[in-house]
Structure formats: structure tokens, C-alpha cells
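> First, the structure itself, so that you have it in front of you.
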Amino acid sequence: MRARIELLVAVAAAIGCVVSWLAASSTVVVGPVLEGEPHTTSVVYSPPLLGLSLLLATVAGVLAVLGIAGLRRR
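Sequential numbering from 156 applies to the sequence shown in the working numbering.
Given below as C-alpha cells:
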């Protein structure tokens, strides 16, 4: 039973990882470097959301390994 719970939490952490990774980026308009040039866009990333994404990926990986090992021991 514990191994299945670990696998469920691993899946939830993986989903949270993807959601936080997708929410971490936003597009901003950057002014021209020289006068007369067009405005450009750039992607800005949120460091806290990237850190959360990496933490959740780590948790998902560890729990997946523990859950699979627990199921194989049976």
C-alpha cells in the first residue's frame, strides 16, 4: 500500500513540476537598441517557479524509484 501511495505522490509532483515550469516564463517587450529599430520580445523566467519545478522533479524521481522498488520487493 505504501508503494502505491508513493507512486501517486510522484505522479502529483510530476504534474506540479510541469505546471510550475510552464508558469515560470512570460514574454516582455524590449525597447529598440538603436533609434528607428523595431521593438523586440524576450522571455523572462521566474526564478522561484523554476526552483519549485526542479524541487518537484527531484521529489517525483525519488518517490518513483522508492515506489517501484517497493512494488518489486513484494
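Backbone N, C-alpha and C define an ideal beta-carbon position, used for all residues, glycine too.
Could you tell me the alpha carbon to alpha carbon distance between Thr196 and Pro187, rounded to whole angstroms?
Indexing the sequence shown from 1 puts residue 196 at position 41. Indexing the sequence shown from 1 puts residue 187 at position 32. About 10 Å.
> My output table needs one value for Ser180: the three-state DSSP class, helix, strand or coil.
Taking the first residue of the sequence shown as position 1, residue 180 is located at position 25. Residue state, collapsed to three classes: strand.
> Determine the burial state of Glu192: buried for a count of at least 16 other Cβ atoms within 10 Å of its Cβ, exposed for fewer.
Along the sequence shown, one-based indexing puts residue 192 at 37. So Glu192 counts as exposed.
> Distance, Cα to Cα, Gly206 vs Val220?
If you number the sequence shown from 1, residue 206 lands on position 51. If you number the sequence shown from 1, residue 220 lands on position 65. If I take the Cα positions, the gap works out to 21 Å.
> Return the chain-ordered list of same chain residues with a C-beta closer than 7 Å to the C-beta of Ser175, the five sequence neighbours on each side being excluded.
The sequence position of residue 175 within the sequence shown is 20, counting from 1. Only Leu204, Leu207, Ser208 and Leu211 meet the Cβ criterion.
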